[in-house]
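Colleague: If you use UniProt numbering, the sequence shown corresponds to residues 1 to 994, in order.
Sharing a structure with you now.
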Amino acid sequence: MQKQILVNGLKVWVDDDDIDKVCELFKDNVIVDNFKDWESTERMEKYEAKDFIKKARHYASLQPPDLVQAAEKIWFSAVYGVKHLYLTAGGVDLRSHNALKYFCRFALYNSGVPLDRFDKLYDCWLTAEKMHRDVYGSCNFHPNAYGPIIDEVEAFVAELTRFDQKALWTKFEESFIHDTKPEWMESDERDYSFPFPPYAIQNDLMNEIFQCIERRQVGIFESPTGTGKSLSVLCATLSWLEYENRRVRAEMEEAMQKEKEKKGEIEADGSDWVKAHAQKLKVQGEADEAFAHLEMLRKIDERVARAKRGEVRKNQKRGPGPLDEYEFISEKKEAEDECAPPADYNSDDNSGKAGKEEEKGTPLRVRKIFYASRTHSQLDQLVDELMKTRFRPRIVTAASRQHLCVNEEVRKLKNGSQINEKCMELRKNSPKTAGKRAKDEEGKSKCKSSCSCPYYKTQAIEDTANGILAGQDIRSVQVFEKGQKVGGCPYFASKAAIPLCEIVLVPYQVVLHEETRETWGIDMRDDVLVLDEAHNVLDSIAAMNSGEVLQATLAAGLSAVRTYFLERVDNFLKRSTTTESVLSIPEFFIQANLTDINIYKLASYIKATLLCRKLCLFNLRERKKSQALVPIAPKKTPLQQLMRKKESAKAGPLQPVEAPKPTPPSPPVNIYAIGAMVTALTNKCEDARVVVVKNEGVAKVRFILFNAGSKLMRTIAVPRSTIMIGGTMEPSSFLVDSLVSAGLPSSRIRRFACSHVIDDDQLCAIAFEKSIDGQPLETTFKTRDDQRTSRSLGESIVKLVSLVPTGVVVFVPSYNYMEAFMQNSRTNGVLAKLERLKPVFYEKRDATTNEVWEKYSKAIETRKSALLFAVVGGKLSEGINFSNDLCRAVIIIGLPYANKGDVELNARLKYADSLRPGSGAQLYQSMCMHAVNQAVGRAIRHRNDYSAIFFLDRRYASPSVSNQLSKWIGSRLQTGLEFAEITKKVELFFKDKL
């Protein structure tokens, strides 16, 4: 005899004998139904999805169409498809809306369909959901949209019928039918120590992050700004870290206890001492790993305790760099001969090193969270968020020398490369030579310019590192001040503290660039990597691994080193006649006559010998020599001066002689750009292209990496789990495709998008299909200069701005569009009307962000009203907080598609299509919608904020575009409204708020 149990909306058949066991398993989440028959099965089998589809078409074709009935039938057909799949696969009835949505995604995810097909199918379900809301009037579709939507849902249901039901049910049982309490139930009940009562979406996000780490997955998560994203990430990751540390320590202690017990049992059994000895050795071997781990934990606790007491070891020898546990921070010693490679360089076999150092004991390190963001200011803000929680982990910021160097002689150089070079030059010199004095021509003693750095001292560095490990100096500015106070280098103190810190805050460059990661000695094995603001992570990696060399740089480089490689590239640029061309790496090598060069050996030699640094210093010395002062004439005696005056009087007045113009110094040579270009050319031929540009007498070679996914894969392959999170991660299909093509199994990818913490009445999102005068709204390159379109669009903006109190931000597709629109608005009088309503500001191509932002903010503060025109993808569309009155409405004009005439973009799209047909179009659309989502994300920055978002282009009403908007906007988007209806809605929206 079987009964039914209802678990979180899932109705499952179980045997009578198992009822008590299952109830105990799920406790209060179970409802037992005493139904003898499952009548819903019989009722559902009387209908098929095609019947609902047929009815939907019928109601949509009526004159006038019955859109409510059509929407209802579209929803029913999608629901039937999912319910029928699980009913026939294993007798599970999905009754709640959340259960239907969750297990629809579960079925698609485990069906084996390609990821791009997965996205399209799931978008069909989301569209059907919107139709369900349309029944109640909360989401409006244009009547013309119903036909295509019905076709999409019909295809969606047909795809579900082709799924392997047996395989699906097997996966269902593996995931949800357990002998012990399921992991997802545990995580739902977990306390993440969130500092405030968490919203449901914050709990959902923390659960997803915890499970992602626990299952060693790569997560792609979207959480809108204002939803407590940073706090959610910190609480979830640090809760996992606490849980994992307790679990590992308990397991090690349990293993040691079992070893003692087994030894006692063996000793008690004295039958065969030879056999007993062998068993003892086996047991001892099994416990060695646990003992070593516990011993390392003991040493870590001891080292942290010493840091908290402020103890610094006094018996260390003063040397050129820190010793013992800090020895790893010293750079590799240079060769005695400036031109000779180091001992470990092997020209014939670059895969291995000839002279490896003897392995030392295992260095102390703890499991940690690497949290990466794009700027240091964002990392500082994260520390502020951490202070709101109960967690007090050891934390350090991996800042650059520019931020941490306390040596004024080095800091005054400003340029990052020069600071690095000067630092290495000072540390290269032995302290013994630091006190040597040299005599100048006048006999005065002075310190040589090559003195060692006074802050590079072992004990002072350890003292500075102690402040980090003790939790006293948690910000980079505090570490900087501590280094100044005790005379220790904050940069090397930070590097020394990394292994024992539990959170390491890093800029993108440090963690995503392989060489920089090696320089910092960052080891992410078994750790967690968080990439914040990860919506542009592929672009960031591509930029880090691309290179550009001007012909002028090559020519200047030839004066420093006459190498055959530079000379050939320089000649190639002189021969090139085309204005712009894209070449594959092999084509570039052939045309530049470089085929006989082993680029891998050249790149390896440059890196191993620090050639760029040596050439850079050599070039600086040569430039100083060329700027030598003109010799000063010897001082004349009084008699000589008198005779000179008499001779001048006899000769008459002197004719003015034009002084010879001083020879301008040669421009500085960017040797590092050349080295970066050589390294870039070692990438896979199919992953990149070389762009040759000759424009207005300036020629350059630019290397562009297209397959950034392979570089990202090398980064995320090391940590236990990677969390990529941002406010505008969607659409993420291209990022997923890049990771899968780089070798990441799709089963390891976890995707989740949060809604917003706001209520529906705090956002008014509308897609305009017609302007105020009834003209179709579609802003394209062709209509940019059309006077009628520009005037119609301008008058629509005037009307909307008049309805919105305080601040309004208008985003346009490009700077060129901005200039054309402003010119047309001056001509047709639209700009004058806008200026009568509000003070008008606009973002200029060459203006600084602060200049425009400060003027706009001041106008809001003083006049309580202002209008700002900005560019999608510009400086004001990202990272600026337009909260409260600074932005009560965002207006998006058109779709900001990139210029297809750009040779680099064209090459990138062709490369994407070569990997998979259609990927180029997908990438092109993804770039556009990412920019849109980033711009509209400026509105609504916290729980009590409110704003309107107006999309002035009819293309936003189509599901292909609206489905790619951020979830919290797309789910609330209203379409199919006339301008007069919109005006009333906007008036009511703001009337309720004032």
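Glycine included, C-beta positions come from ideal geometry on N, C-alpha and C.
#1: Unbroken alpha helix (DSSP H) runs of length 4 or more, entirely within the region 916 to 962: which are they?
#2: Considering only their Cβ atoms, is the gap separating F841 from residue 1006 smaller than 7 Å?
#3: Tell me which residue opens and which closes the beta strand (DSSP E) that V692 is part of.
#4: Within 10 Å of its beta-carbon, does G794 have 16 or more other beta-carbons around it, so buried, or fewer, so exposed?
#5: Please classify Q202: is it buried, with 16 or more other beta-carbons within 10 angstroms of its beta-carbon, or exposed?
#6: Residue 1002: which of A866, V153 and V812 sits nearest, CA to CA?
#7: Are there 16 or more other CB atoms within 10 angstroms of the CB of F196, so buried, or fewer, so exposed?
#8: Would DSSP call L100 helix, strand or coil?
#9: Does the Cβ-Cβ distance between A372 and V506 come in under 7 Å?
#10: So, using beta-carbon positions, are Q934 and E878 closer together than 7 Å?
#11: Jot down the residue ranges of each uninterrupted alpha helix (DSSP H) in the region 783 to 830, minimum 4 residues, whole runs only, in chain order.
#12: From what residue to what residue does the alpha helix (DSSP H) around Y59 run?
#13: Please confirm whether A107 and Y80 have their CB atoms less than 7 Å apart.
#14: So what does DSSP say about M724, is it helix, strand or coil?
#15: For T779, which of helix, strand or coil comes out of DSSP?
#16: Could you spell out where the beta strand (DSSP E) holding K700 opens and where it closes?
#17: How about A765 and L973: are their beta carbons less than 7 Å apart?
#18: How about L404 and Y491: do their beta carbons lie closer than 7 Å?
#19: Below 6 Å CB to CB, which residues in the same chain sit around W240 once its five sequence neighbours on both sides are set aside?
#20: Between which residues of its own chain and L905 is the CB-CB distance below 6 Å, once the five residues before and five after are set aside?
#21: Indicate whether the contact test is met: 3 or more Cβ pairs, each with one atom in the region 936 to 947 and one in the region 704 to 713, closer than 8 Å.
#22: Under DSSP, the beta strand (DSSP E) around V530 begins and ends at which residues?
#23: Suppose the cutoff is 7 Å on Cβ atoms and the five residues either side in sequence are ignored; what does the same chain contact list for R525 look like?
#24: Do you know offhand how far K101's Cα is from I749's?
#25: For the beta strand (DSSP E) that E222 lies in, which residues bound it at each end?
#26: Would you kindly work out how many angstroms separate the C-alpha atoms of V691 and A603, rounded to a whole number?
#27: Taking Cβ positions, are S802 and L837 nearer each other than 7 Å?
#28: At the level of alpha carbons, what is the spacing between W520 and S476?
#29: State yes or no: is the C-beta of S77 within less than 7 Å of the C-beta of F118?
#30: Helix or strand or just coil, what does DSSP make of E441?
#31: Is the beta carbon of A493 less than 7 Å from the beta carbon of I522?
#32: For T983, name the three-state secondary structure that DSSP assigns.
#33: Could you check whether the Cβ of K991 sits closer than 7 Å to any Cβ belonging to chain D?
#34: Which full runs of the alpha helix (DSSP H) of 4+ residues lie inside the region 840 to 888, going along the chain?
#35: From the DSSP output, read off the bridge partner residues of I369.
#36: Between the alpha carbons of G416 and R401, how many angstroms are there, rounded?
Modeller: Reading off the structure:
#1: 919 to 936 and 959 to 962
#2: With the chain covering only 1 through 994, there is no way to say anything about residue 1006.
#3: A688 to N695
#4: buried
#5: buried
#6: Limits of the chain in this structure are 1 at one end and 994 at the other, which puts residue 1002 out of reach.
#7: exposed
#8: helix
#9: yes
#10: yes
#11: 787 to 803 and 815 to 828
#12: A49 to S61
#13: no
#14: strand
#15: coil
#16: V698 to L705
#17: yes
#18: yes
#19: F210 and I213
#20: A898
#21: no
#22: V528 to D532
#23: V718
#24: 19 Å
#25: V218 to E222
#26: 20 Å
#27: yes
#28: 16 Å
#29: no
#30: Confidence is the limiting factor: at E441 the pLDDT is only 39, short of 50, which leaves the residue's position unreliable, though a coordinate-based value still follows. Note: E441 maps to coil in three-state DSSP.
#31: no
#32: helix
#33: Among the chains of the structure shown, chain D does not appear; only one protein chain is present.
#34: 849 to 863
#35: I503 and V528
#36: 8 Å
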